[in-house]
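*Asks:* Note that the protein sequences, when read in sequence, are chains B and E.
One point on numbering: in the working numbering, the residue at position 120 of the first sequence is 1612, and numbering is uninterrupted.
One point on numbering: in the working numbering, the residue at position 12 of the second sequence is 1504, and numbering is uninterrupted.
Protein chains: 2
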Amino acid sequence: MKTRDKIIQASIELFNEQGERNITTNHIAAHLGISPGNLYYHFRNKEDIILSIYEEYARNLLLDTFPKVNPEMKPLDTILLYMDAVFQALMKFRFLYANLPVLLAKNPLLHEKYVEVQHIISGRLSEMLESLRDADMMDFEDEELADIVSILRLINTFWLSFYQTQTKDTEINDSVFFEGVLKILVLLRPYITESAKAEFLEARTVYQQRHKDSLAAA
Amino acid sequence: MKTRDKIIQASIELFNEQGERNITTNHIAAHLGISPGNLYYHFRNKEDIILSIYEEYARNLLLDTFPKVNPEMKPLDTILLYMDAVFQALMKFRFLYANLPVLLAKNPLLHEKYVEVQHIISGRLSEMLESLRDADMMDFEDEELADIVSILRLINTFWLSFYQTQTKDTEINDSVFFEGVLKILVLLRPYITESAKAEFLEARTVYQQRHKDSLAAA
Chain B
1493 MKTRDKIIQA SIELFNEQGE RNITTNHIAA HLGISPGNLY YHFRNKEDII LSIYEEYARN
1553 LLLDTFPKVN PEMKPLDTIL LYMDAVFQAL MKFRFLYANL PVLLAKNPLL HEKYVEVQHI
1613 ISGRLSEMLE SLRDADMMDF EDEELADIVS ILRLINTFWL SFYQTQTKDT EINDSVFFEG
1673 VLKILVLLRP YITESAKAEF LEARTVYQQR HKDSLAAA
Chain E
1493 MKTRDKIIQA SIELFNEQGE RNITTNHIAA HLGISPGNLY YHFRNKEDII LSIYEEYARN
1553 LLLDTFPKVN PEMKPLDTIL LYMDAVFQAL MKFRFLYANL PVLLAKNPLL HEKYVEVQHI
1613 ISGRLSEMLE SLRDADMMDF EDEELADIVS ILRLINTFWL SFYQTQTKDT EINDSVFFEG
1673 VLKILVLLRP YITESAKAEF LEARTVYQQR HKDSLAAA
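Below is the structure:
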């Protein structure tokens, strides 16, 4: 692995474990046994590292795992797979989401990239919900779509933060994501048509079982 | 105003304006023209100040403004008044909510108090929704109640953070709260009964108008 990649991987690990605000570029260099000068050869400062983490890793993970709406896949599975992937991505870069407003305010270039990606995600989520409506699985008015998408993104983005604030037991395991997916299903449920209700409840049972299993395994 | 109160007020102001992580106890003392020793006579450290802000101000604001469910008030107005008050409280202590998971992780006593208050709020929100169901204005299953309350609290807590991450224009004015209340109404809408739909849409029109007016005034 190249030094640059090593710095990025070590930073993700240290930020997640000890909190981004407690880690300096000196900590990262010491952790890797390299000189601060070597680190500065690759990155100007900590904000620069965070920007690279977002641009080269988090961004792609969020955009690449977005399943294409395709006729061979059940529409409901498309959205569930996506929600699952989003919650896993948030876990991988949890230092970013635990502290998002502050990090974006400090780092205007990161904020710009973030807004760009969110815009793409909104578009794809809208398409996904529209394809569920076309398949007669969901029912909503055109004027409701933007709000539903926005609340979905809010829950995606801050579910982990919310979970961590609600409990003194801060250990994060898989059950937390399955719980997040179940919350998304609560939000979607009122819009599911009568004819799709059975398939919807079946999908919910799958996630309830996964949630139960992961709690038992933890 | 006593020195202790002055320290608290100045801290709220500085934290909100410049971000809590950029402000030290020395900045606060210098801002007030008092010696660091004088500040330390009242508070051991910054965490101690944040804890007092939460316990003496934010906590009470959230709990005291909770309108009691009473027969003289329309049930829908009760919940709207509350949501309005919650969003205003979040604005007043926005440094806390912009950074909640990190601040709670650093401050176990604050985390404990926070979980306690959230527990009380969950109970009151549940009562409120149940009173709307008793008045035949909402319809939901008992098993859905906890999830609806939890999503309401998530939107309350992170609406401001979400808003700030979505736009490069970080100025916060009243329109942001009205937009938050409107999002809460989107979440509640599918549970509103046929007979209450007119009253609900009327309330929504009021908030849509307030949102529009505050945008025009900004």
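Think of the CB as a built atom: it goes at the ideal place given N, C-alpha and C, for glycine as much as any other residue.
#1: Can a CB atom of chain B be found closer than 8 Å to the CB of E/T1649?
#2: Shorter than 8 Å from the beta carbon of E/F1496 to some beta carbon of chain B?
#3: Do you know offhand how far B/T1517's Cα is from E/N1552's?
#4: Using a threshold of 8 Å, state whether the C-beta atoms of B/F1587 and B/F1507 are closer than that.
#5: Starting from E/M1630, follow its DSSP beta bridges and name the residues at the other end.
#6: What would DSSP say about E/T1516, mapped onto helix, strand or coil?
#7: Buried or exposed: where does E/L1555 fall if 16 or more other Cβ atoms within 10 Å of its Cβ makes it buried?
#8: Less than 8 Å between CB atoms is the rule here; does E/S1653 satisfy it with respect to chain B?
#9: Measure the CB-CB distance between B/Y1574 and B/L1652 and report whether it falls below 8 Å.
#10: Taking its Cβ as the centre, do 16 or more other Cβ atoms sit within 10 Å of B/G1672, making it buried, or is it exposed?
#11: List, in order along the chain, the chain A residues whose C-beta lies closer than 7 Å to that of B/D1639?
#12: Using a Cβ cut-off of 7 Å, which residues of the stretch 1507-1521 of chain B contact any Cβ in chain E, in chain order?
#13: Is E/T1697 close to chain B, meaning its C-beta is less than 8 Å from at least one C-beta of that chain?
#14: With 8 Å set as the bound, which would you pick, yes or no: does the beta-carbon of B/E1505 sit closer than that to a beta-carbon of chain E?
#15: Can you tell me which of the three DSSP states E/I1664 falls into?
#16: Using the rule of at least 16 other Cβ atoms within 10 Å of the residue's Cβ for burial, across every protein chain shown, is B/L1596 buried or exposed?
#17: Candidates E/A1550, E/P1600, E/R1496, E/I1545: which alpha carbon is nearest B/T1657's?
#18: Could you round the C-beta distance between E/V1668 and E/Y1655 to whole angstroms and report it? I think they count as a contact, below 8 Å.
#19: So if I threshold CB-CB distances at 8 Å, which residues from the stretch 1603-1635 of chain E count as touching chain B?
#20: How big is the Cα-Cα spacing for B/L1617 and B/Y1532?
#21: Identify whether E/G1525 lies in helix, strand or coil by the three-state DSSP scheme.
#22: Going straight from the alpha carbon of E/S1706 to that of E/F1670, what length do you get?
#23: Is the CB-CB distance between B/N1537 and B/T1495 below 8 Å?
#24: Pick from B/E1635, B/E1564, B/I1542, B/D1661: whose alpha carbon is nearest that of B/Y1606?
#25: Taking the runs of the alpha helix (DSSP H) that are 4 residues or longer, which of them lie wholly in the stretch 1563-1625 of chain E?
#26: At the 8 Å Cβ level, is B/K1566 part of the contact set with chain E, yes or no?
#27: Measuring alpha carbon to alpha carbon, tell me which residue in B/I1664, B/D1626, B/K1660 is nearest B/A1710.
#28: For chain E, check one thing: does any of its Cβ atoms lie closer than 8 Å to the Cβ of B/Y1683?
#29: Rounded to whole angstroms, what is the Cα-Cα separation between E/I1684 and B/E1604?
#30: Residues of chain B with CB closer than 9 Å to the CB of E/I1643, please, in chain order.
#31: Below 8 Å on C-beta distance, what does B/N1552 contact in chain E?
#32: Does the beta carbon of B/A1710 come closer than 8 Å to any beta carbon on chain E?
*Replies:* This is what the structure gives:
#1: For E/T1649, the nearest beta carbon of chain B is closer than 8 Å to its own beta carbon.
#2: The residue asked about is misnamed: residue 1496 of chain E is Arg in this sequence, not Phe. Chain B contact via Cβ: absent.
#3: Near 40 Å, if we compare the C-alpha coordinates of E/N1552 and B/T1517.
#4: It is a contact, given that the beta carbons lie within the stated cut-off.
#5: Answer is E/I1684.
#6: It is coil, neither helix nor strand.
#7: With a 10 Å radius around the Cβ and a threshold of 16 neighbouring Cβ atoms, E/L1555 comes out exposed.
#8: At least one chain B Cβ lies under 8 Å of E/S1653.
#9: At a Cβ-Cβ threshold of 8 Å, B/Y1574 and B/L1652 do not count as neighbours.
#10: Looking at its Cβ environment, which holds 16 or more other Cβ atoms inside 10 Å, B/G1672 is buried.
#11: The chain inventory of the structure shown lacks chain A, comprising the protein chains B and E.
#12: Taking 7 Å as the Cβ-Cβ cut-off, the stretch 1507-1521 of chain B approaches chain E at G1511, R1513, given in chain order.
#13: Not an interface residue.
#14: Output row for B/E1505: interface = no.
#15: Coil.
#16: Classification of B/L1596: buried, given that the 10 Å Cβ count is 16 or more.
#17: Measuring from the Cα of B/T1657, the nearest candidate turns out to be E/P1600.
#18: Confirmed, about 5 Å.
#19: Sequence-ordered contacts of the stretch 1603-1635 of chain E with chain B read H1603, E1604, Y1606, V1607, Q1610 [C-beta pairs closer than 8 Å].
#20: Distance from the CA atom of B/L1617 to the CA atom of B/Y1532, rounded to whole angstroms, is 39 Å.
#21: Here E/G1525 sits in coil by DSSP.
#22: Spanning the two alpha carbons is a distance of roughly 9 Å.
#23: For B/N1537 and B/T1495, no; Cβs fall outside 8 Å.
#24: Each of B/E1635, B/E1564, B/I1542, B/D1661 was checked against the Cα of B/Y1606, and the nearest Cα belongs to B/I1542.
#25: Whole alpha helix (DSSP H) segments, 4+ residues: 1567-1584, 1586-1589, 1592-1598.
#26: False, the Cβ-Cβ gap to chain E never drops below 8 Å.
#27: When only C-alpha atoms are compared, the closest one is B/I1664.
#28: Taking Cβ atoms only, chain E reaches closer than 8 Å to B/Y1683, which makes this a yes.
#29: About 38 Å.
#30: For E/I1643, the chain B residues whose C-beta falls within less than 9 Å of its own C-beta are I1643, I1647, K1675, V1678, L1679, listed in chain order.
#31: Close to B/N1552, with beta-carbon spacing below 8 Å, lies no residue of chain E; the smallest spacing is near 19 Å.
#32: No, no contact with chain E.
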